[in-house]
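**Q** Provided herewith is a single structure, encoded as structure tokens, for subsequent inquiry.
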Ligand SMILES: CC(C)(COP(=O)(O)OP(=O)(O)OC[C@H]1O[C@@H](n2cnc3c(N)ncnc32)[C@H](O)[C@@H]1OP(=O)(O)O)[C@@H](O)C(=O)NCCC(=O)NCCS
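In this note's numbering, the protein residues as written are 27 to 237.
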């Protein structure tokens, strides 16, 4: 297994893993009727606007995991609001998926979460400027690939004089993994928009660590 910098040819494989792991292991088809829109929402900033901060794990010429990040979460949020979100909004309306059952219910639940204030959280991007998302394909978890990708990324941030990094996760398992990797919990909340399928609210954690 090798770790290496992301290349354009990895884009489809990375997007597939992102969709497979987007909803705490539940199939993405339960929530969104268009995989490309989901993949754009999850990954397009990183792969298309800041590919130099993305890394993949490859085994036998197959992408089995990735870490996508940004050195500057504030800049990322600006580009997401100004460029990516309007495009996603337009695509969602024009493709008609908003009127398909699963997407409609998911977006309605997401909106309810938003209105209830479940997305309110302190902004950690000044103290912890970098951000990351990491996902390992199911069959390759527990083989230290995640830990190696995190260490690789921390070295990359250090070389770029970035002082600290943060991330958000709804997964209890991932929270424990990040704590093992030296991250501290900075914030804990909950989110209810997956309740129909999880049968309970999900916790939401923001974790961070110095580089
Ligand atoms: C969470 C994830 C990135 C961890 O990667 P991984 O390659 O499976 O983990 P590693 O093998 O590198 O584990 C490193 C350490 O974390 C621990 N760890 C990993 N997954 C864990 C879990 N689910 N619960 C508790 N500890 C865990 C390991 O036991 C290991 O500790 P050790 O050194 O004491 O043995 C990976 O399992 C994954 O992609 N999960 C699904 C998607 C996800 O939750 N992504 C993160 C959301 S931002």
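Think of the CB as a built atom: it goes at the ideal place given N, C-alpha and C, for glycine as much as any other residue.
Less than 7 Å separating the Cβ of residue 41 from some heavy atom of ligand 1?
**A** In the chain shown, residue 41 corresponds to position 15, counting from 1. Checking every heavy atom of ligand 1 against the Cβ of residue 41, none is found closer than 7 Å.
**Q** Which of the three DSSP states is assigned to residue 150 in this structure?
**A** Residue mapping note: residue 150 aligns to position 124 of the chain shown, counting from 1. Coil at residue 150, not helix or strand.
**Q** Within 7 Å: the Cβ of residue 192 and any heavy atom of ligand 1?
**A** Position 166 of the chain shown, counted from the start, is the residue given in the question as residue 192. No, ligand 1 has no heavy atom inside 7 Å of this Cβ.
**Q** Would you check whether ligand 1 has a heavy atom nearer than 7 Å to the C-beta of residue 203?
**A** Within the chain shown, numbered from 1, the residue matching residue 203 stands at position 177. Within the cutoff, so yes.
**Q** Label residue 79 either buried or exposed according to how many other C-beta atoms from any shown protein chain fall within 10 Å of its C-beta, with 16 as the threshold for buried.
**A** Here the question's residue 79 lines up with position 53 in the chain shown. Buried.
**Q** Residue 173: beta carbon under 7 Å from a heavy atom of ligand 3?
**A** Questions concerning ligand 3 fall outside what the structure shown contains, since the ligands it does hold are ligand 1.
**Q** Here's a check: name, in chain order, each residue in its chain whose Cβ is nearer than 7 Å to the Cβ of residue 217, leaving out the five neighbours to either side.
**A** Taking the chain shown and counting its residues from 1, the one referred to as residue 217 is at position 191. So the list reads 139, 144, 196, 227, 228 and 230, once near-sequence residues are dropped.
**Q** Let me know the beta strand (DSSP E) ranges lying completely inside the segment 48-88, each 3 residues or longer, listed in chain order.
**A** You should have 80-85.
**Q** Where DSSP assigns a beta bridge to residue 214, which residues make up the other side?
**A** In the chain shown, the residue the question calls residue 214 occupies position 188. In the DSSP output, where bridge partners are listed per residue, residue 214 has 231.
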